[in-house]
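Q: Quick one: the structure is below, and I'll ask about it shortly.
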Amino acid sequence: MADVVVITGAAGGIGAALARRFADDGAAVALLDRDADGVERVASALRTVGHVALGLGCDITDRGAVDAAFARIHATLGPVTALINNAGLSQRSLFADTDPAVLRTVMEVNFFGAVHCTQAALPDLKATRGVVAAVSSVAGFAPLVGRTGYAASKHALHGLFDSLRAELVRDGVAVLLVCPAYVATGIDQRALDAHSARLGDAQKATIGRLATPEAVADAIARAVHARRRQVVLTPVGKLAWWLTRFAPALYEPLMRRSTRADHPALAPHLVDAPRALWAQVRGRRRAAF
1 MADVVVITGA AGGIGAALAR RFADDGAAVA LLDRDADGVE RVASALRTVG HVALGLGCDI
61 TDRGAVDAAF ARIHATLGPV TALINNAGLS QRSLFADTDP AVLRTVMEVN FFGAVHCTQA
121 ALPDLKATRG VVAAVSSVAG FAPLVGRTGY AASKHALHGL FDSLRAELVR DGVAVLLVCP
181 AYVATGIDQR ALDAHSARLG DAQKATIGRL ATPEAVADAI ARAVHARRRQ VVLTPVGKLA
241 WWLTRFAPAL YEPLMRRSTR ADHPALAPHL VDAPRALWAQ VRGRRRAAF
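Anchor point for the sequence shown: position 238 equals 238 in my numbering, and the numbering is continuous, going up by one each time.
Written as structure tokens, this is what we have:
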């Protein structure tokens, strides 16, 4: 019996690349996206080359719509063996300027969307001893200037799925968190500004080489098959992981410098990174005595 893999946010970017990757592995794929036409185009292209693919328009912030979509997936393809919570929405604005409605919108998509889909898939995942994955971000474990709502939603995913892993261990369900850094997708063109407008083609600061959606999808598929707990992608992401744990006073000013093009108002407040690191070391030495 073929695996049945559900992927959210599958009309483009990482989601569409995941659909192609899992279909090539022989899975039947169910693709969810708010863009019903876009997700059907991806599913249709897969069916054209002989894959089993179901594309469904679905607003994952609507629990009723999610439940209906998963009922159809179960009836059409069979029980879900893997769920990839990939759908996401970004935000770029300083917290002091941001309408709280923007933060709620980002949390509804990034966090509660994953909640809805995971709860809907859970009976199948327990029955199949499957895998649930959440596509988080470096912002899920590290601070990110100008993306407070986005970082908050991704930090929340870590709290949810790390705790869920402990709850599901006896059911044999694996829980995976994936933390990419910068990826060449359209997420920043769809990002919200301080008042819920789309940023469109506004340029953003990036660090290092952009990963391709295909490379990220390949890493996620391999991690799902290996039932990994967490994967941090790209050299930049891995460096951020270690710096935030062992040298946060160095990471923070480096991150602020890298994003100053997005937020020029912060430039006068940038901290010298070597001095910040030395201050942290001195503080720890004093605490030791």
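We treat Cβ as the ideally placed atom computed from N, Cα and C, and that holds for glycine.
Within its chain, find whatever has a CB closer than 6 Å to the CB of ALA240; leave out the 5 residues flanking it on each side and keep chain order.
A: Within the sequence shown, numbered from 1, the residue matching residue 240 stands at position 240. These residues qualify, in order along the chain: VAL138, ALA142.
Q: How is CYS58 classed by DSSP in three states: helix, strand or coil?
A: Here the question's residue 58 lines up with position 58 in the sequence shown. Coil at CYS58, not helix or strand.
Q: Here's the rule I'm using: 16 or more other beta-carbon atoms within 10 Å means buried, otherwise exposed. How should THR98 be labelled?
A: Translated into the one-based positions of the sequence shown, residue 98 becomes position 98. So THR98 ends up on the buried side.
Q: Nearest CA to the CA of ARG129: which residue from ARG165, LEU31, ALA101?
A: For the purposes of this step, residue 129 is identified with residue 129 of the sequence shown, where counting begins at 1. ARG129 has its Cα closest to that of ARG165, out of ARG165, LEU31, ALA101.
Q: Less than 7 Å between C-beta atoms, sequence neighbours within five positions excluded: which residues of the same chain meet that for ASP25?
A: On the sequence shown, residue 25 is found 25 positions in, with the first residue counted as 1. Taken in chain order, the residues that qualify are ALA221.
Q: Who pairs with VAL216 in a beta bridge, going by DSSP?
A: Residue numbering aside, residue 216 sits at position 216 when the sequence shown is read from its first letter. Answer is none; VAL216 lacks a bridge partner.
Q: Sorted by chain position, which residues of the same chain lie with C-beta nearer than 6 Å to ARG229's C-beta, five sequence neighbours on each side aside?
A: Start at 1 with the first residue of the sequence shown, and residue 229 comes out as number 229. Taken in chain order, the list of residues that qualify is empty.
Q: Distance, Cα to Cα, ARG72 vs PHE246?
A: Taking the sequence shown and counting its residues from 1, the one referred to as residue 72 is at position 72. Taking the sequence shown and counting its residues from 1, the one referred to as residue 246 is at position 246. Across the structure, ARG72 and PHE246 are spaced so that their CA atoms are roughly 47 Å apart.
Q: Give the range of the alpha helix (DSSP H) segment to which THR291 is assigned.
A: In the structure as shown, the chain begins at 1 and stops at 289. Residue 291 is therefore absent and cannot be evaluated.
Q: Is VAL173 near ALA223, with beta carbons less than 9 Å apart?
A: The sequence position of residue 173 within the sequence shown is 173, counting from 1. The sequence position of residue 223 within the sequence shown is 223, counting from 1. No.
Q: Using beta-carbon positions only, say whether ALA181 and LEU233 come within less than 9 Å of one another.
A: Counting from one through the sequence shown, the residue named residue 181 turns up at place 181. Counting from one through the sequence shown, the residue named residue 233 turns up at place 233. Yes.
Q: Counting along the chain, where does the alpha helix (DSSP H) carrying VAL109 start and finish?
A: Taking the sequence shown and counting its residues from 1, one reaches residue 109 at position 109. First-last for VAL109: undefined, no H or E at that position.
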